[in-house]
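In the numbering used here, the protein residues as written are 65 to 938. Notes follow once the structure below has been shown.
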C-alpha cells in the first residue's frame, strides 16, 4: 500500500495500461523508501533484493513471465528464449534484465548516471570522443572487414536495449534537445556539445538527442537499483533471422516447404532471391529518399543499419532456405513445420560453430580461448552444460566490450570483382540505413568480395569520422551523430563503473595515479586522458578498453578479452540447446554433429552467392599463399554439409534403407556426388525416376493402393540398375583429363567441375590472374552474331578431341562387335543379344550425357554471356 499512497494512483491501473511505467514506479518507490529509512549503497544493492515481494501488492502486478513459467523439455528452442533452463525459465530469455559482473555505480545509488570519484561531473562524452578517439586511419595487418560484418551480425543476435523512440517515424530517439524541460521525456539524457567543438560548431549544433533505456523489473519483481533489460536472448539462437516471438516468425515464413519469405527481384537474371521488403512501418530503421523506396525486413529490426549487415542477413536467410529445400528432397514426407524447425536448428548450429571456430579465435587468440574453455571439440560430444550458469547478457558486454568493432570500421566500403580486383568504394555514412545498392543485379556478390579483400582498420583508439561526425545523417544534412559519444553515454546511464573496476575484476593491475598506467596503453594516450579526466578511475570502460595494447595473437586488450570471453563462456555453458551437447531432446546424432563441424563461412558464401567461384578458406583473414590460399568453391578443400545424415527413413511410408541396403548405399552416395555438377536436372533425374513414389491417398474401396514392398531381401532390378548407373557415372567423372601445361586457378576450377581429384594447392595459390578476354566477352551484348556462332562452333568441335574420341571409339568398337556377333556368328541367343544391347544403350546414354555436360561447361567458361540454348543447334 505504501507504493500506492506514494504516488496517489491505483497501481493496478498503471500496470494494466502501461507495463513499462510500472518499472519507473518501482524506482520512484525505491527513492521514497531509501530516503525515508536512510539506506546506504550496500543496503540498496545487497539488502533490498532479499525482500520477498510476493507477499505484497507487487505480486498482483508483476509481469507473468517473470513470476512463473511452465516448461517442458522439447527438441526445438523457443523464439523468446524462455525455458532454456528448466529450473530457471527466464535465464537468458528476451525482455529480461542484463546481468552484472561488477555492481552498478549510480551517483545517487539508485538511478542517476555515474559521476567522477572526486564528486565532480565527468567530462562531456563528446569531449572524450574528440580528444581520445581521432580519425588516424591505421589499418590492421591481417583482419578483413568480414570480421566487422560477422561481429555486428552476432552483436544483433545478443543485445538490443529498449529505449523510447520518436513516435512519428520510430527511427530516431525521442526528441530531447529542442523541447523545453517540462515537455521532455523523463528518460532524456542528451549529449552536450562544447562551444569550441571543431566540427559541430560549424553547424551551430549544441546538443545531440539521447534517451536512457527503459528500466527493467527484476525476476520476481524484487527491489533494487535501476537495471536495463535486453529485448533479445542471451544465447546464439539466430533471432537475427527468425525473430524473438513466434508471431513475428510466422510473418517471416513463406508458409510452405519450411521456407522463409524472400523477394525474387532478380529471378529473370537467374540470380538468387533477396530479403522481403519492409512494408509495415517502412521508416523504422530506414532512411527513404522517397515513398516508393523500401528497405528490407528480417528477424531483427536493425537489418538496414548498414548495407554490410544487410548482406549478412541475406546470406543466412538464403542458407536457411537452402537447408529447407534439400531436407524436403531427402524427406518428402516432412511437413512445413518440421522442415522449418529442422532447417532452423541446423542453421543455428552453423552460426554457433562459425562463431566459436572462426570468429572468436581471431578476436581473442588461442591462449584466451583455452583459458575460458571456448575451444570446440573436434569429434564426439561436449558435455559441458551447467544448469547453474545464467546465459543472460552482461551489461558491460552490451554497453562497452562488444562494441569493439567500432574501432575497426573503415571510412569507405569497397566492392571487388569475382576476379578479386577492386571496383569502387562508397562512404560508410552513405550506406547507413540506405541499403539500396543491393537492388542492382550482381552488387550483392561484389560487396561480399569486398568484405573478404578489404583490410579492416586497426584495433586501437582511432575511430573513423564517418561514425563520429556523420552517423545517421539525414538527407540534405552535412552532419550526423557521434557513435563514440553514444557508447560512453550508454555506459554511464547503465551505471557501469569505470575502466579500472573491470581491470580489477579480471585480475589485472589497477592504477590510482596516471604514471602507474604506463605500459598498458601508449604514453600519448595516457597523457591525453590526464588532460580531461581528474582520476584514472573515471575513465569510461569503452574508451579504456579500445585504447589498451592488444594481447599477443589477439585483436583485443586484456580487459575486453576478459569480458567477451566470460560472456561467450556463459552463452555456451548455459545453453541447453548448444549444438555439441549429448543426451538432450535437441541433440544431434554423432554423424550429424560431424557434418556441422565441417562447415566454414567460406562454404556459406560459395553456396549462397551467384558469381563467386574462388575464395580464401577463412574469409575473416586476408588471403595468404601459405596459410590461407584462395581455392575454388567447388573443390573438396571447402567441404559441404551432407544432409543425407538427416534422412528420416523410420517415418517414410514408402522406403527404408534396411530393406534394400545395396540400393541405399550406392544411390545415396551417387546423389551426394551429383550435387557437385552444374545441372540440377541431372542431379535429380534418377531420383525422380527411381526414387520413392509420391504417396497416393487410399479410397474407401482401396483403389490406387501403393505397391507392396517385396518381402525378399534381394534388391529389385530397378535398384540394381540405379546402383550400376551411379558406379559407372562415378567412374567416368573421375577419369583424369590430359595434363595441362599451365594449371592456373581457372584451370583448376575446370578440372573440379569435371570431377577430377588431382587438385594442386601449390599451383592454385601461385596463379590468380584475370582473363581480360573473358571480361570482354562478359561485357558484350547478349545477341550472337555470325562470327560468334562460327567461333563457338569451332570451339565446340575442337573441345578435348582426344578425351571425347576415346569414348566414341570404344562405343563404336563395342557396337560392331555386338552386331557382328548377332549377324554372322549365329552362336548367341536372342536373349543374350537383347541383354548386350540394353547394356550398351545404357552405357551410351551415360557417355552421351557426360560428353554433353563437358561441352556445355567449356562453352560457358569460354563464352559466359551465352546460354546453352544459343548453341544447341551447332
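Ideal Cβ positions, reconstructed from N, Cα and C, are used throughout, including at glycine. Since we're looking at a predicted model, the values are computed, not measured.
Where residue i falls, given that 16 or more other Cβ within 10 Å makes a residue buried
i	result
residue 450	exposed
residue 291	buried
residue 94	buried
residue 810	Its pLDDT being 42, under 50, residue 810 is placed unreliably by the model, and the measurement read from it follows with that caveat. Residue 810 comes out buried.
residue 136	exposed
residue 730	Residue placement at residue 730 is poorly supported in this model, since its pLDDT is 33, which falls under 50; the coordinates are not used for a value here.
residue 112	buried
residue 532	buried
residue 259	exposed
residue 200	exposed
residue 416	buried
residue 323	buried
residue 255	buried
residue 640	buried
residue 849	Confidence at residue 849 is low in this model, with a pLDDT of 43, below 50, so its placement is unreliable and the value that follows should be read with caution. With fewer than 16 other Cβ atoms within 10 Å, it is exposed.
Host alpha helix (DSSP H) of residue i (start-end)
i	result
residue 416	400-418
residue 304	303-306
residue 297	Looking at the DSSP string, residue 297 is not in any alpha helix (DSSP H), and its letter there is neither H nor E.
residue 275	Residue 275 -> no alpha helix (DSSP H), and no H or E assigned at all.
residue 358	Looking at the DSSP string, residue 358 is not in any alpha helix (DSSP H), and its letter there is neither H nor E.
residue 608	605-611
residue 619	Note, residue 619: premise wrong, no alpha helix (DSSP H); not H, not E.
residue 588	587-596
residue 656	654-662
residue 337	Here residue 337 belongs to no alpha helix (DSSP H), and DSSP marks it neither H nor E.
Closest Cα partner of residue i within the set the options
i	options	result
residue 185	603, 709 and 622	603
residue 621	279, 325, 592 and 522	522
residue 381	353, 669 and 693	669
residue 701	678, 708 and 710	678
residue 190	574, 551, 708 and 712	551
residue 203	661, 367, 471 and 582	471
residue 217	261, 423, 658 and 119	423
residue 293	684, 699, 164 and 320	164
residue 321	344, 374, 400 and 277	400
residue 331	504, 307 and 500	504
residue 215	483, 559, 151 and 373	373
residue 534	559, 489, 574 and 475	475
residue 414	367, 667, 280 and 588	667
residue 481	144, 517, 250 and 574	517
residue 549	116, 198, 119 and 634	198
Unbroken beta strand (DSSP E) run spanning residue i, endpoints
i	result
residue 630	Premise fails: residue 630 lies in the alpha helix (DSSP H), 622-637, not in any beta strand (DSSP E).
residue 711	Counting along the chain, residue 711 falls outside any beta strand (DSSP E), and DSSP gives it neither H nor E.
residue 372	It is not in any beta strand (DSSP E) - residue 372 instead sits in the alpha helix (DSSP H) that spans 371-394.
residue 678	678-680
residue 696	694-696
Sub-8 Å separation of residue i and residue j beta-carbons
i	j	result
residue 169	residue 561	yes
residue 240	residue 275	yes
residue 351	residue 565	no
residue 463	residue 555	yes
residue 304	residue 363	yes
residue 224	residue 295	yes
residue 28	residue 409	Residue 28 lies beyond the range of the chain shown here (65 to 938); nothing can be said about it.
residue 192	residue 607	yes
residue 20	residue 133	The structure shown does not extend to residue 20, since the chain is modelled only from 65 through 938, so no value can be given for it.
residue 208	residue 547	no
residue 528	residue 570	no
residue 385	residue 338	no
residue 707	residue 394	yes
residue 456	residue 155	yes
residue 219	residue 302	no
residue 428	residue 618	yes
residue 312	residue 629	no
residue 177	residue 579	no
Give, in chain order, every unbroken run of the beta strand (DSSP E) that is at least 3 residues long and sits entirely within the region 195-269. 203-208
Of all the alpha helix (DSSP H) runs that stay within the bounds of the region 132-199, which reach a length of 4 or more residues? 189-196
Note down, one range per segment and in chain order, each beta strand (DSSP E) of at least 3 residues found wholly within the region 495-556. 519-521
Continuous alpha helix (DSSP H) assignments of at least 4 residues falling wholly in the region 426-510: 430-435 and 459-463
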